[in-house]
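Residue 788 is where the sequence shown starts when you use this note's numbering, and the numbers rise one by one after that.
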Amino acid sequence: MLIFLALYLLNLIMIRTFQQRAEQEISGFQSPADDYLEGRLNIYDVLVIDPESTFYFQMDSTSMNNHGLRIGDILVIDKSLKPVRDAIVVAFVNGCFYCRRYALVNNRPMLLGDTDKIGTTDGEVLQIWGVVTSICRNTLPDALRKGKYRRVCTL
């Protein structure tokens, strides 16, 4: 039974892999470049490592411009990651969300922006919601940001 299950899973993986390869019709002899064909890029597979722990925010302040985050950027955030020093995080402090760089000062979490520092005093809670893993940004010139292309973002 175990061998049957292993063969079934192997067959399933082979079918999946084959179906994701780029399709090409062959006429004549086979090209030597066929060994280098790759499947179509699925951006979801690249950006979302843990779907149950991934969520998105849209940046709406200039507090992280020096860190490469601009107004309108889409932040891909993974809640399963534990923040480390200098990670960009989304945190909830005093009823507000903040996107800042994470630091520990005197064993207390601190959020560092371009011009501000957000820490906690006794009784306040700084809750890290997740670590920013990727940023999507619209790079189209204003003349092309119309209709369905208004909210397009790139990596």
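Ideal Cβ positions, reconstructed from N, Cα and C, are used throughout, including at glycine.
Rounded Cβ spacing between residue i and residue j (contact assumed at less than 8 Å)
i: valine 919; j: leucine 862; result: 5 Å
i: histidine 854; j: isoleucine 875; result: 6 Å
i: glycine 917; j: isoleucine 864; result: 4 Å
Helix, strand or coil at residue i [DSSP, three-state]
i: proline 870; result: coil
i: proline 896; result: strand
i: lysine 904; result: strand
i: leucine 789; result: Residue confidence for leucine 789 is low, a pLDDT of 38 falling below 50, so the modelled location carries little weight and cannot support an answer.
i: aspartate 865; result: strand
i: isoleucine 830; result: helix
i: leucine 855; result: Note that residue 855 is glycine in the sequence shown, not leucine. Reduced to three states, the DSSP call for glycine 855 is coil.
i: leucine 913; result: strand
i: proline 921; result: In the sequence as presented, proline is not what sits at residue 921; that position holds serine. DSSP places serine 921 in strand when its eight states are reduced to three.
Contact under 9 Å by Cβ, residue i with residue j
i: methionine 851; j: arginine 888; result: yes
i: leucine 856; j: isoleucine 915; result: no
i: valine 833; j: valine 880; result: no
Exposure of residue i, with buried meaning 16 or more beta-carbon neighbours within 10 Å
i: tyrosine 843; result: exposed
i: proline 870; result: buried
i: tyrosine 885; result: buried
i: aspartate 860; result: buried
i: alanine 930; result: exposed
i: valine 877; result: buried
In DSSP terms, what residue i is bridged to
i: leucine 931; result: In the DSSP output, where bridge partners are listed per residue, leucine 931 has none listed.
i: arginine 887; result: Val876
i: threonine 841; result: Asp865
heavy atom of the ligand SAH below 8 Å from residue i C-beta
i: leucine 913; result: Only the bare structure without any ligand can be found here, which leaves the ligand SAH out of the picture.
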